[in-house]
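Laid out in structure tokens, this is it:
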């Protein structure tokens with residue numbers, strides 16, 4: 001498993017890898033924590049990094065949401081157009097395989113994407129698969145939910 005010390009200096013904009021569930025939450029709840037993270041990016045305080053797979057996953061799930069679908073999809077597209085996003089290359093199968101000891105195969109792309117992006121933070125709302133004690137302890141990038149991230153980042157201002 002790759003090891004990387006990740007030091008976030010406030011002299012540079014922290015790179016934040018947002019999991020698909022955060023994009024979904026921002027689209028559904030424009031006043032929630034995920035939307036606040038995107039507002040920080042729009043204001044220039046942080047950089048958002050993603051892979052295409054993350055955006056495709058978010059799009060698919062928002063589109064399938066019968067209750068919030070249309071409004072949320074419009075918000076999702078708006079966020080994509082108004083937020084500066086850095087899209088990194090998709091992780092290779094070898095890069096994904098590095099993280100199989102931490103998460104299920106279907107979630108390896110999340111960790112591999114954050115690592116490949118050289119992110120300072122991985123933010124997710126997936127308590128079952130990503131926000132586990134094992135991942136938080138062993139993944140070389142800080143893994144947080146939106147509330148933890150906002151508390152952390154705002155304490156540096």
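In UniProt numbering, the protein residues as written are 1 to 157.
Glycine included, each C-beta is placed from N, C-alpha and C at the ideal position.
This one's a predicted model, so the numbers in the text were calculated from it and none came from an experiment.
Query	Result
Would you say residue 157 touches the ligand COA, meaning its beta carbon is less than 7 Å from a heavy atom?	The model on display carries no ligand, and the ligand COA is accordingly not part of it.
Starting from the C-beta of residue 7, find all residues in its chain whose C-beta is less than 6 Å away, skip the five residues before and the five after it, and write them out in chain order.	For residue 7, the predicted structure reports a pLDDT of 44, less than 50, and the residue's modelled location is therefore unreliable. A value from the coordinates is still provided. No residues qualify anywhere along the chain.
State buried or exposed for residue 44, treating a residue as buried only when at least 16 other CB atoms are found within 10 Å of its CB.	exposed
Give, in chain order, every unbroken run of the alpha helix (DSSP H) that is at least 4 residues long and sits entirely within the segment 82-129.	93-97 and 108-116
How about residue 125 and residue 145: are their beta carbons less than 8 Å apart?	yes
Rounded to whole angstroms, what is the Cα-Cα separation between residue 105 and residue 113?	13 Å
Taking the Cβ atom as the reference point for each residue, do residue 79 and residue 131 lie within a distance shorter than 8 Å?	no
Tell me, please, which residues DSSP counts as bridged to residue 17.	49 and 122
Going by Cα to Cα distance, which pick from 73, 154, 118 and 63 is closest to residue 142?	118
Assuming residue 36 is part of the alpha helix (DSSP H), what are its boundary residues?	33-42
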